[in-house]
Each structure stands twice: as structure tokens, then as C-alpha cells.
Amino acid sequence: MTEFFQNSVFFGIVLTFVAYGIGLLFKKKLKWAVFNPILIAIAIVIGVLLLCRVEYKTYEQSAKFVSSLITPATICLAVPLYERLQVLKENYKAIIIGITSGVLTSLLNVWAFALIFYFNHETYVTMLPKSITTAIGMGLSQELGGYAAITAAVIIITGIFGNMIAEFVCKLFKITEPVARGVAIGTSAHAMGTVKAIEMGETEGAVSSLSIVVAGILTVIGAGAFAQFL
Amino acid sequence: MKYLKQFFIIIAISFAGEILNYLIPLPIPASIYGIVILFTLLCTGIVKVKDVKEVSQFLITIMPVMFVPPAAGLLDAWGIVQSGLVQYLILTLISTIVVMAVSGIITQLFIRHDKKKRGIQHD
Numbered sequence: 000m001t002e003f004f005q006n007s008v009f010f011g012i013v014l015t016f017v018a019y020g021i022g023l024l025f026k027k028k029l030k031w032a033v034f035n036p037i038l039i040a041i042a043i044v045i046g047v048l049l050l051c052r053v054e055y056k057t058y059e060q061s062a063k064f065v066s067s068l069i070t071p072a073t074i075c076l077a078v079p080l081y082e083r084l085q086v087l088k089e090n091y092k093a094i095i096i097g098i099t100s101g102v103l104t105s106l107l108n109v110w111a112f113a114l115i116f117y118f119n120h121e122t123y124v125t126m127l128p129k130s131i132t133t134a135i136g137m138g139l140s141q142e143l144g145g146y147a148a149i150t151a152a153v154i155i156i157t158g159i160f161g162n163m164i165a166e167f168v169c170k171l172f173k174i175t176e177p178v179a180r181g182v183a184i185g186t187s188a189h190a191m192g193t194v195k196a197i198e199m200g201e202t203e204g205a206v207s208s209l210s211i212v213v214a215g216i217l218t219v220i221g222a223g224a225f226a227q228f229l
Numbered sequence: 000m001k002y003l004k005q006f007f008i009i010i011a012i013s014f015a016g017e018i019l020n021y022l023i024p025l026p027i028p029a030s031i032y033g034i035v036i037l038f039t040l041l042c043t044g045i046v047k048v049k050d051v052k053e054v055s056q057f058l059i060t061i062m063p064v065m066f067v068p069p070a071a072g073l074l075d076a077w078g079i080v081q082s083g084l085v086q087y088l089i090l091t092l093i094s095t096i097v098v099m100a101v102s103g104i105i106t107q108l109f110i111r112h113d114k115k116k117r118g119i120q121h122d
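Residue numbers (numbering that gives the first Met the number 0), protein chains in the order written: chain A, 0 to 229; chain B, 0 to 122.
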């Protein structure tokens with residue numbers, strides 16, 4: 000049986016899609032933010048792997064055909080971005096100031112928690128890139144002397160959580176402007192959050208996509224400075 | 000043919016992004032270079048929206064599914080994350096809410112401020 004899973008090309012792909020499909024069903028039947036399709040899909044995949052005693056590595060060998068599309072899909076975000084160029088131009092000042100404030104807030108937050116929890120320097124720099132897209136975050140963490148694998152895990156948790164709470168936070172803080180929603184989601188929860196922003200509307204999605212890029216680059220600069228603080 | 004061309008353009012840009020990532024010694028991934036490249040090509044009219052429209056829409060639509068495999072990798076990260084799990088979770092959950100709220104509120108304040116100013120000018 001193990002051998003079958005190891006040789007199967009489609010096992011991981013099918014499991015991924017079935018799990019996500021079940022996640023969508025849950026969301027449709029129970030309209031509660033906790034029933035987030037991505038979260039449910041992750042739980043199902045992990046459950047199936049543990050139950051069938053399949054190693055993550057084995058699953059990943061097949062599922063990587065799905066996840067390797069993340070790069071081309073992210074690049075495609077340039078299309079809605081271009082189609083909403085007018086909105087971006089009209090609000091560029093607010094967008095840049097908003098993203099910058101978000102990046103600074105994120106870095107300050109990590110610094111404050113690092114003091115509260117008595118983090119050592121390595122753990123502190125591991126956490127600094129937590130809000131940005133995985134590929135930048137891991138590279139940055141490594142460069143600053145952190146643990147890239149932990150950074151990746153924290154970034155993914157940030158993304159899932161950001162995706163789950165985006166609608167709730169916007170409602171709670173009365174963030175109703177589509178541009179402001181896009182900045183909020185893209186700056187705090189990178190591409191996984193952006194998926195939710197796209198669901199909310201075209202402007203939200205476009206601005207959120209832009210925020211991934213700008214927040215990522217600003218964090219590279221800002222984290223280098225913040226790394227000196229502890 | 001249409002889909003073949005669209006898919007080729009997107010994959011070629013992904014590859015160009017990988018090359019830049021290899022050549023430039025910064026922790027910036029292929030996807031970020033790729034967005035900038037495609038955006039520039041669209042702005043300059045070298046690539047038209049219709050040259051990538053359908054395939055890009057398809058990829059963006061199925062994007063959430065793509066995050067499931069790497070996220071399920073949390074299973075393997077358990078061993079290294081376990082010792083500081085509670086602290087990492089508290090930090091992550093609180094700062095995600097705070098960053099989302101702060102950046103959203105500040106952006107909205109500036110948008111409304113600009114709108115007001117523009118409104119006065121129109122009068």
C-alpha cells in the first residue's frame with residue numbers, strides 16, 4: 000500500500016482537490032467563518048495522511064504539481080492590477096501610506112512580543128517576516144540568521160488566519176472602502192489573504208495583490224533595520 | 000491555440016522571474032519579479048490583456064487550492080514549532096488582526112481625506 004502511494008502520480012492531487020471540495024461544501028452549508036475551505040482542506044489532508052500512515056513527503060511528491068502553480072498564479076495577479084490601474088492611480092498616496100503603516104506595525108508588534116516573551120535574537124528575526132509572502136519571508140529569515148522552516152510555518156498560519164478573519168475585521172473596524180480593505184488584507188495576510196480579497200471584489204483583489212509586492216519589499220528593507228533592535 | 004499561447008506567456012514570465020531570482024542576490028522570489036514583469040508588459044502594451052485573460056482568470060480562481068499542499072506541510076513542521084507553539088500562535092494571531100486593522104483604518108482615513116479635498120475643489 001505504501002508503495003502504491005509512493006508511486007502514484009495523482010494521489011496527492013486528487014486528495015487536495017477532494018479535500019478542498021469538501022471544504023467548499025462545508026462553507027455552503029454552514030455559513031460560519033471558522034468553516035474556511037482552505038482550513039478544512041488542510042485538516043482533511045493532514046487527517047488522511049495520519050490515518051493512512053502516509054508521510055508528508057510522499058503526498059507532497061504528487062501534490063507539488065498543484066502547488067507549483069502558485070508562482071504563475073501569483074504573476075497573473077498583475078492582470079486585475081492592470082485593469083484597476085485608474086483606482087490605484089487615484090489612491091496611490093493612501094495606498095502607499097497604508098501599506099507602510101502596516102509593515103511598521105507588523106515589525107513593531109514582533110519586536111514588542113519578542114520583549115514580552117524574552118525571545119533570543121534568532122527567534123526574533125525568525126518572526127520579523129511573518130506577514131509577507133512565503134518565498135520572500137523564508138529568504139529574509141535565513142539571511143538575518145533565523146529558522147526559515149519556522150518562518151514558513153508562521154507565515155502559513157498568518158495566511159490561513161488572515162483569510163478567515165478578513166471579513167470580520169473589516170466589519171468590526173468599519174473598513175468599508177474597497178481600496179482600504181485591499182491594503183488591509185494584502186499587507187497583513189499576503190497571497191492567502193488576497194484570495195479572500197478577490198472574493199470580496201475586483202478592487203479589493205487588485206489592491207491586495209499590489210500590497211503583497213509592496214509590503215514584501217518594504218519588509219525586506221525594514222526587517223534589516225529592526226534586526227538590530229534585539 | 001489561444002490557451003496554449005496564454006499559458007506559454009505566463010510560464011515564460013515565471014521562468015524569467017526564476018532567472019532574475021538567480022541573478023539578483025536579494026531574497027525576492029520569482030513570483031514577485033513576475034508580477035512586475037507582466038504588469039510592465041501590460042502597461043507598455045507589449046502584452047495585451049486578451050493575450051493572457053482566460054488562463055490568468057482560471058489560475059487565479061483555483062489559487063486557493065494551491066495553498067493546501069504547502070499548508071499541510073505544517074504536519075512536518077510540528078517537531079520544530081512545538082516548543083514555542085503557544086508564543087508563536089499568540090504573536091501571529093494578535094499581530095495579524097492589528098496589522099490588518101491599522102493598515103486598513105489608516106488607508107481609509109487618507110482616502111476620505113483626499114475625497115473631501117477633491118470635493119471642495121469641485122465646488
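Using N, Cα and C, we set each Cβ at its ideal position, and we do this for glycine too. None of these values were measured; they are calculated from a predicted model.
Legend entry - N-terminal and C-terminal residue of the alpha helix (DSSP H) that alanine 190 of chain A is part of: 177 to 199
Legend entry - Delimiting residues of the alpha helix (DSSP H) encompassing alanine 76 of chain B: 73 to 80
Inset, instruction - Just the C-alpha distance for threonine 218 of chain A and lysine 129 of chain A, rounded to the nearest angstrom, thanks. - result: 10 Å
Inset, instruction - Look at alanine 190 of chain A and isoleucine 211 of chain A and say whether their C-beta atoms are less than 7 Å apart. - result: yes
Inset, instruction - Out of A:Ile41, A:Ala42 and A:Phe25, state which residue places its alpha-carbon closest to the alpha-carbon of phenylalanine 34 of chain A. - result: A:Phe25
Legend entry - Opening and closing residue of the alpha helix (DSSP H) in which leucine 25 of chain B lies: Per DSSP, leucine 25 of chain B belongs to no alpha helix (DSSP H) and is neither H nor E.
Legend entry - the region 26 to 33 of chain B contacting the region 68 to 75 of chain A, beta-carbon criterion three pairs below 8 Å: yes
Inset, instruction - Given a cut-off of 7 Å, decide if valine 168 of chain A and valine 206 of chain A are closer than it, judged by their beta-carbon atoms. - result: no
Inset, instruction - Determine, using beta carbons only, whether proline 68 of chain B and valine 194 of chain A come nearer to each other than 7 Å. - result: no
Legend entry - Residues of the region 58 to 79 of chain B with Cβ closer than 7 Å to any Cβ of chain A, in chain order: Leu58, Ile59, Met62, Pro63, Val64, Met65, Phe66, Val67, Pro68, Pro69, Ala70, Ala71, Gly72, Leu73, Leu74, Asp75, Ala76 and Ile79
Legend entry - Candidates A:Ile154, A:Glu121 and A:Tyr123: closest to methionine 137 of chain A by CA position: A:Ile154
Inset, instruction - Using a Cβ cut-off of 7 Å, pull out every chain D residue sitting near threonine 43 of chain B, in sequence order please. - result: The chain labelled as chain D is not found among the protein chains of the depicted structure, namely A and B.
Inset, instruction - Could you tell me whether the region 91 to 104 of chain A touches the region 73 to 85 of chain B, where touching means 3 or more Cβ pairs closer than 8 Å? - result: no
Legend entry - Residue-chain proximity (alanine 72 of chain A, chain B), Cβ-Cβ < 7 Å: yes
Legend entry - Segment limits, alpha helix (DSSP H) that includes serine 105 of chain A: 91 to 115
Inset, instruction - Please decide whether glutamine 107 of chain B counts as near chain A, where near means a Cβ-Cβ distance under 7 Å. - result: yes
Legend entry - Cutoff 6 Å; reference aspartate 122 of chain B; Cβ partners in own chain excluding five residues on either side: With a pLDDT of 49 at aspartate 122 of chain B, under the threshold of 50, the modelled position of that residue is not reliable, and the figure given next carries that caveat. Closer than 6 Å at the Cβ level, and outside the excluded window around aspartate 122 of chain B, lies no residue.
Inset, instruction - Put leucine 37 of chain B into one of helix, strand or coil per three-state DSSP. - result: helix
Inset, instruction - Grab the span of the alpha helix (DSSP H) containing valine 78 of chain A for me, first residue to last. - result: 77 to 82
Inset, instruction - Compute the beta-carbon to beta-carbon distance between leucine 41 of chain B and valine 35 of chain B, rounded to the nearest angstrom, for a pair I have assumed lies under 8 Å. - result: About 11 Å; that fails the 8 Å criterion.
Legend entry - At least three beta-carbon pairs within less than 8 Å, the region 73 to 86 of chain A to the region 44 to 61 of chain B: yes
Legend entry - Reduced DSSP secondary structure (H/G/I, E/B, other) of asparagine 35 of chain A: coil
Inset, instruction - State the DSSP-derived secondary structure class of cysteine 42 of chain B, mapped to helix, strand or coil. - result: helix
Inset, instruction - My understanding is that tyrosine 55 of chain A touches aspartate 75 of chain B, with C-beta atoms under 8 Å, so please give their C-beta distance in whole angstroms. - result: 5 Å
Inset, instruction - Could you say if the region 107 to 125 of chain A and the region 12 to 25 of chain B meet the contact criterion of at least three C-beta pairs nearer than 8 Å? - result: no
Legend entry - Three-state secondary structure assigned by DSSP to valine 86 of chain A: helix
Inset, instruction - Go ahead and pull the three-state DSSP assignment for lysine 129 of chain A. - result: coil
Legend entry - Interface flag, valine 101 of chain B vs chain A, CB-CB below 7 Å: yes
Inset, instruction - Select from the region 14 to 29 of chain A all residues with a C-beta closer than 8 Å to any C-beta belonging to chain B, and list them in chain order. - result: Thr15, Phe16, Ala18 and Tyr19
Legend entry - Minimum C-alpha distance to glycine 11 of chain A - residue among A:Thr132, A:Ser208 and A:Ile43: A:Ile43
Inset, instruction - Compute the distance between the beta-carbons of threonine 186 of chain A and valine 86 of chain A, then report whether it is under 7 Å. - result: no
Inset, instruction - Would you mind reading off the limits of the alpha helix (DSSP H) that contains asparagine 6 of chain A? - result: 1 to 6
Inset, instruction - Would you check if the distance between the CB atom of lysine 99 of chain B and the CB atom of alanine 183 of chain A is smaller than 7 Å? - result: Going by the sequence as given, residue 99 of chain B is methionine instead of lysine. Cβ atoms of methionine 99 of chain B and alanine 183 of chain A: closer than 7 Å.
Legend entry - Same chain, Cβ closer than 7 Å to leucine 3 of chain B, five either side skipped, listed in chain order: none
Legend entry - Rounded straight-line distance, which links the Cα of threonine 95 of chain B to that of phenylalanine 160 of chain A: 8 Å
Inset, instruction - Taking the CB atoms as reference points, tell me whether threonine 133 of chain A and valine 65 of chain A lie closer together than 7 Å. - result: no
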